[in-house]
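J.: For the protein sequence lines, the chains are A and B, in the order given.
Take the first sequence: its position 240, counted from the start at 1, is 240 in UniProt numbering, and no numbers get skipped.
Take the second sequence: its position 91, counted from the start at 1, is 91 in UniProt numbering, and no numbers get skipped.
Yeah, the Cβ is synthetic: ideal placement off N, Cα and C, and Gly gets one too.
Owing to the predicted nature of the structure, the values given are computational and were not obtained by experimental measurement.
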Amino acid sequence: MSEHRRVWTKYTGGVSGWFVTILTATFCVFASLVSVVSHTPAPYELKYPANFGSRFTIPANNPTTHEGVYLGRMLFYEKKLSANNKFSCESCHEQKLAFTDGRPVSLGVDGSFTPRSSMSLSNLLWVRNFFWDGRSQGLEAQAAFPLTDPHEMGQSLAVSAEKLRKTAPYPALFGSAFGETGVTEQNILKALAQFERTLISADAPYDRYLAGQYQPTAAELRGMQLFENGPDPKRRIRGANCGHCHGSPKTFKELFHNNGLDSAFTDLGREKITSQSLDKGRFRVPTLRNILLTAPYMHDGRFKTIEAVLDHYSDHIRQSETLSSFLQDISNEENGKTLSLKTQEKQDIIAFFGMLTDSTFITNPAFSNPHSTPTAR
Amino acid sequence: MQGIKTFRNKILLCAILACALVTQVHAQSTATLTVSGEVTTPLELKAQDLAAMKQISHKVKDRDGKEHEFKGVALIEILEKAGVTTGAKLRGENLAKYALITAADGYEVLYALAEIDPEFTDQVILLATEKDGQPLPSGEGPFRIITPKDKKPARWIREVRSIKIAFAKN
Chain A
1 MSEHRRVWTK YTGGVSGWFV TILTATFCVF ASLVSVVSHT PAPYELKYPA
51 NFGSRFTIPA NNPTTHEGVY LGRMLFYEKK LSANNKFSCE SCHEQKLAFT
101 DGRPVSLGVD GSFTPRSSMS LSNLLWVRNF FWDGRSQGLE AQAAFPLTDP
151 HEMGQSLAVS AEKLRKTAPY PALFGSAFGE TGVTEQNILK ALAQFERTLI
201 SADAPYDRYL AGQYQPTAAE LRGMQLFENG PDPKRRIRGA NCGHCHGSPK
251 TFKELFHNNG LDSAFTDLGR EKITSQSLDK GRFRVPTLRN ILLTAPYMHD
301 GRFKTIEAVL DHYSDHIRQS ETLSSFLQDI SNEENGKTLS LKTQEKQDII
351 AFFGMLTDST FITNPAFSNP HSTPTAR
Chain B
1 MQGIKTFRNK ILLCAILACA LVTQVHAQST ATLTVSGEVT TPLELKAQDL
51 AAMKQISHKV KDRDGKEHEF KGVALIEILE KAGVTTGAKL RGENLAKYAL
101 ITAADGYEVL YALAEIDPEF TDQVILLATE KDGQPLPSGE GPFRIITPKD
151 KKPARWIREV RSIKIAFAKN
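Right, dumping it as structure tokens:
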């Protein structure tokens with residue numbers, strides 16, 4: 001740039017106008033050629049149903065692009081990002097399990113276990129506070145945790161960037177996604193975040209039901225009613241009140257509650273982040289999308305089956321200082337102390353959960369491992 | 001022997017209960033309410049700060065269908081203390097400002113500033129700290145909004161943690 005300016009000032013003085021014109025024209029042609037060679041990445045359109053709403057923010061310095069998303073997908077499945085070259089994000093987030101790992105807690109690169117259970121990765125676009133305790137704001141910042149945590153992938157971002165710089169096709173992929181900055185620590189995080197924003201689950205039978213395109217079975221309908229209704233024995237309305245915390249078309253509300261798992265806490269949850277004792281034992285209400293695929297359940301994976309979860313809410317809520325008021329004094333029996341769901345009612349709610357399984361999401365080739373096709377290896 | 005044991009158990013139980021009560025009261029008295037955003041003076045208020053302000057009360061029917069007396073501070077007083085554009089200053093672009101109120105569990109509700117300002121409305125929205133002469137119980141307090149003219153109490157937000165004043169942007 002400075003080179004051109006010098007040329008410019010040197011000739012504008014005595015030389016006639018046409019020469020300047022030619023010079024300018026040449027410069028323009030040259031500039032346009034350069035921009036064709038390092039073409040700007042193509043914007044990626046995020047598609048979702050209108051009833052999901054658009055309450056999300058994508059950082060201005062990391063717009064979602066086709067090149068960025070593809071690179072992010074490569075990185076999500078890239079084992080070189082771990083200290084022993086054996087772990088990728090997939091190790092704990094498998095597509096066929098709606099990006100969980102089927103284990104109560106996960107095994108990391110150092111052979112020890114993560115303190116909490118892996119989380120399903122879907123509709124992260126709408127999440128504002130990540131992890132079970134909401135400690136991370138934004139997907140770019142979040143990705144640094146698993147990459148560098150000694151119990152997860154255990155490798156510094158600097159080392160990861162260094163390894164990728166020496167591995168084809170990464171320098172080229174980073175170039176097309178981020179231009180001249182190339183393989184950097186920040187660009188690794190940005191690409192992963194871009195890919196994760198595309199993990200939208202919106203084609204479960206429940207979505208089609210809300211769009212008027214699916215007729216639920218009798219059991220599914222009963223389950224849906226129970227899920228949504230608060231119990232009111234005086235008016236003979238039976239309910240489980242789950243929707244109060246887990247409702248909405250996304251089956252996700254960003255709330256933090258103590259759902260009565262314990263009366264004394266080994267994991268303080270949200271209190272560790274806010275330092276307010278009223279937050280002891282509160283955790284983020286997780287999404288129930290694909291819930292039948294993501295056992296075991298809760299932040300520590302304590303419940304092996306969905307039946308055990310329903311037994312918990314129905315009959316075993318533990319009292320404590322911070323137990324959510326939405327789980328106290330609610331019962332299907334007059335003056336009852338527990339929710340007291342019948343066996344059939346529990347089964348109906350589970351039938352409704354079947355409507356939340358999105359097989360399009362778990363088989364979408366755009367989310368699968370791009371390294372595993374024989375030609376790509 | 002059995003008698004001594006149950007007696008000891010009773011004392012133990014009493015001690016545990018007393019501890020629980022103390023920690024609960026303690027937790028409530030350390031809880032803070034922040035007022036931030038488009039303010040001249042950001043605030044961090046504790047229960048005792050609110051007690052020092054002018055108290056008013058409302059007798060209203062709550063979710064349980066029963067009438068209760070809620071006591072606390074008018075929300076407008078708190079906004080004025082923080083230097084929000086109220087009264088004569090609530091005009092022009094300031095009419096596009098709102099208060100976003102967030103609870104401990106992340107639940108959020110919104111009021112336009114004009115819904116809170118006495119020059120626009122007769123309704124006095126209350127930030128309650130007491131119900132029927134007692135501090136608000138946990139799960140509801142220590143701070144709760146009472147909006148008498150809202151028929152549906154969904155904006156009577158419990159466990160208030162923060163009030164953020166902002167401009168509507170689109």
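(1) In its own chain, which residues sit with a C-beta less than 8 Å from the C-beta of S156(A), not counting the 5 before and 5 after it?
(2) If you run the structure through DSSP and keep just helix, strand and coil, what is T338(A)?
(3) Within 10 angstroms of its Cβ, does L110(B) collect 16 or more other Cβ (buried), or is it exposed?
(4) Determine, for S325(A), whether the minimum Cβ-Cβ distance to residues of chain B falls below 8 Å.
(5) Based on DSSP bridge pairs, tell me the residues matched to F120(B).
(6) Using Cβ-Cβ distances below 8 Å, what residues of the segment 258 to 287 of chain A are close to chain B?
(7) On a CA-only basis, which of G260(A), G247(A), K280(A), P233(A) is nearest G336(A)? Give me that one, please.
(8) Are the C-beta of S57(B) and some C-beta of chain A separated by less than 8 Å?
(9) At least one CB of chain A closer than 8 Å to the CB of A104(B): is that the case?
(10) Is there at least one Cβ from chain B nearer than 8 Å to F131(A)'s Cβ?
(11) Once DSSP output is grouped into helix, strand and coil, what is the label at L199(A)?
(12) Using the C-alpha atoms, what's the distance from H66(A) back to N364(A)?
(13) Of the residues W126(A), A143(A), G182(A), which one's Cα is nearest the Cα of K253(A)?
(14) Classify N369(A) as helix, strand or coil using the three-state DSSP reduction.
(15) Are the Cβ atoms of L45(B) and T32(B) separated by less than 8 Å?
(16) Near V35(B), what residues of its chain come up, given a Cβ to Cβ distance below 6 Å and the 5 sequence neighbours on each side ignored?
(17) Could you name the residues of the same chain whose beta carbon sits closer than 7 Å to that of F352(A), not counting the 5 residues immediately before and after it, in chain order?
(18) State the start and end residues of the unbroken beta strand (DSSP E) segment that holds K272(A).
(19) From the beta carbon of L255(A), is the nearest beta carbon of chain B less than 8 Å away?
(20) Rounded to the nearest angstrom, how far is the Cβ of G72(B) from that of L126(B), given a contact under 8 Å?
(21) Where does G37(B) fall in DSSP's three states?
(22) Quick one: which chain A residues come within Cβ less than 7 Å of Y107(B)?
(23) Taking Cβ-Cβ distances shorter than 7 Å, what residues in chain A pair up with A31(B)?
(24) What residue does the beta strand (DSSP E) around H68(B) start on, and which one ends it?
(25) Would R255(A) and Y98(B) be called neighbours here (beta carbons separated by less than 8 Å)?
(26) Counting beta carbon pairs with one atom in the segment 232 to 251 of chain A and one in the segment 96 to 104 of chain A, are three or more of them shorter than 8 Å?
(27) Using 8 Å as the Cβ pair cut-off and three pairs as the minimum, do the segment 261 to 280 of chain A and the segment 344 to 363 of chain A touch?
(28) Quick test of your reading: L293(A) and L124(A), contact by CB under 8 Å. State the CB separation rounded to the nearest angstrom.
(29) At what residues does the beta strand (DSSP E) containing R161(B) begin and finish?
(30) According to DSSP, is A168(A) part of a helix, a strand, or is it coil?
(31) Using 8 Å as the threshold, is the C-beta distance between R161(B) and R144(B) below it?
(32) Who are L232(A)'s beta bridge partners in DSSP?
(33) In whole angstroms, give me the CA-to-CA distance for A191(A) and N259(A).
(34) Can the beta-carbon of A143(A) be found less than 8 Å from the beta-carbon of A177(A)?
(35) Run through DSSP, which three-state label would V60(B) get?
(36) Please identify the residue among L261(A), N129(A), A50(A) whose C-alpha is closest to the C-alpha of H299(A).
T.: In brief:
(1) Excluding the 5 residues flanking it on each side, S156(A) has same chain C-beta neighbours closer than 8 Å at T148, in chain order.
(2) Residue state, collapsed to three classes: coil.
(3) Exposed.
(4) Between S325(A) and chain B, the shortest Cβ-Cβ separation is below 8 Å.
(5) According to DSSP, F120(B) bridges with nothing at all.
(6) Listed in sequence order: Q276, S277, L278, D279, R282.
(7) Just measuring C-alpha positions, the residue of G260(A), G247(A), K280(A), P233(A) sitting nearest G336(A) is P233(A).
(8) Using a CB distance cut-off of 8 Å, S57(B) does not count as an interface residue toward chain A.
(9) Chain A contact via Cβ: present.
(10) It does not; no Cβ of chain B falls within 8 Å.
(11) Three-state result, L199(A): coil.
(12) A direct Cα-to-Cα measurement between N364(A) and H66(A) gives close to 16 Å.
(13) Ranked by Cα distance from K253(A), the first of W126(A), A143(A), G182(A) is W126(A).
(14) Correct three-state label for N369(A): coil.
(15) For L45(B) and T32(B), yes; Cβs fall inside 8 Å.
(16) Taken in chain order, the residues that qualify are L43, A82, I163.
(17) Answer for F352(A): E220, G223, M224, F227, listed in chain order.
(18) Run containing K272(A): none in the beta strand (DSSP E); it sits in the alpha helix (DSSP H), 271 to 274.
(19) L255(A) belongs to the set of residues whose beta carbon lies under 8 Å from a beta carbon in chain B.
(20) A Cβ-Cβ distance of about 5 Å is found for the pair G72(B) and L126(B), placing them in contact under the 8 Å criterion.
(21) It is a strand residue.
(22) Those within 7 Å of Y107(B) in chain A are L255.
(23) Within chain A, the residues near A31(B) are Q276, L278.
(24) Residue range 67 to 74 is occupied by the beta strand (DSSP E) that includes H68(B).
(25) Here the sequence assigns Leu to residue 255(A), which means Arg is not the residue at that position. No, the pair does not count as a contact, with Cβ atoms beyond the cut-off.
(26) No: the two stretches stay apart, fewer than three of their Cβ pairs being nearer than 8 Å.
(27) No: the two stretches stay apart, fewer than three of their Cβ pairs being nearer than 8 Å.
(28) Taking 8 Å as the upper bound for CB-CB distance, L293(A) and L124(A) are not in contact here, some 17 Å apart.
(29) From DSSP, the beta strand (DSSP E) with R161(B) extends over 160 to 167.
(30) Coil at A168(A), not helix or strand.
(31) Taking 8 Å as the Cβ cut-off, R161(B) and R144(B) do not qualify as a contacting pair.
(32) According to the sequence provided, residue 232(A) is Asp. The question's Leu does not apply to it. According to DSSP, which records beta bridges pairwise, D232(A) is partnered with I237(A).
(33) Their Cα atoms are separated by approximately 35 Å.
(34) Cβ distance not < 8 Å, so A143(A) and A177(A) don't count as in contact.
(35) Three-state result, V60(B): strand.
(36) The option with the nearest alpha carbon to H299(A) is L261(A).
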